[in-house]
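Working notes, beginning with the structure itself.
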Amino acid sequence: MTEEPFTDHVRRLRSDGLTYKDMALRSSGARSSAWWHGLVTGKPSQPPEPEVIPDIAKLFDLPEETVSEMIALQWYSVRPSRGHSDMADKVAHFYDQLPEMDQQAVRAVVSAFYSHVVEKQAQELQRRYEAGEDLLAP
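Residue numbers (my numbering): 902 to 1039.
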């Protein structure tokens, strides 16, 4: 299934009551009302050019970087590098669906595991320091 974060956001704006004309106006004409409509109705469309991203970011009320990432994913199937694994994304998806109380429990468990990992890393650095090893070496 193709991910469409940009189009999904436009659909949310529509459900909030914005018309396609509103979108064209609030993005300083970055795209026409016909383009916004075509996007939502599945007509093939070209991605927005980099120079209109600030105007679309203003419409979306999102940072420009986020809008750029949405465009990259939807039109080019390119995911931003977030510094974490695909598995972390999958876990995050399930985490987001948990009730707040369960999320707190998950955070507590992860924090405990992380503290343990950090402690082990500190012990290893201490051992290497005492052995006179290069601490910057992998």
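The beta carbon of each residue, even a glycine, is placed where N, CA and C say it ideally should be.
Since this is a predicted model, take the numbers as computed values, not measurements.
**Message:** At 4 residues or longer, what runs of the alpha helix (DSSP H) sit wholly inside the region 938-1005?
**Reply:** Segments of the alpha helix (DSSP H) lying fully in the region 938-1005: 954-961, 965-977 and 987-997.
**Item:** Residue burial classification, Gln998 (beta-carbon count within 10 angstroms, cutoff 16)
**Value:** exposed
**Message:** According to DSSP, is Arg932 part of a helix, a strand, or is it coil?
**Reply:** coil
**Message:** Am I right that Pro964 and Ala958 are in contact with their C-beta atoms under 8 Å? What's the rounded C-beta distance?
**Reply:** 6 Å
**Message:** Taking only three categories from DSSP, how would you classify Leu1037?
**Reply:** Three-state DSSP puts Leu1037 in coil, outside helix and strand.
**Message:** Once DSSP output is grouped into helix, strand and coil, what is the label at Asp923?
**Reply:** Secondary structure at Asp923: helix, using DSSP grouped into helix, strand and coil.
**Item:** Straight-line Cα distance separating Glu970 from Pro951
**Value:** 11 Å
**Cut-off 7 Å between Cβ atoms - residues of its own chain near Leu940, not counting five sequence neighbours on either side** = Thr908, Val911 and Ser946
**Item:** Contact check, Phe961 vs Val953, beta carbons under 7 Å
**Value:** no
**Item:** Between the CA atoms of Ala935 and Thr942 - distance to the nearest angstrom
**Value:** 10 Å
**Request:** Pick out whichever of His938, Glu904, Pro906 and Ala1006 has its Cα sitting closest to the Cα of Leu919.
**Result:** His938
**Message:** In this structure, how does DSSP classify Asp917 when only helix, strand and coil are distinguished?
**Reply:** Secondary structure of Asp917 (DSSP, three-state): coil.
**Asked** Looking at the structure shown, is Glu1020 part of a helix, part of a strand, or coil, going by DSSP?
**Response** helix
**Asked** Thinking just about the alpha-carbon of each residue, which of Arg980, Gly1033, Glu1031 and Ser933 is nearest to the one in Glu904?
**Response** Arg980
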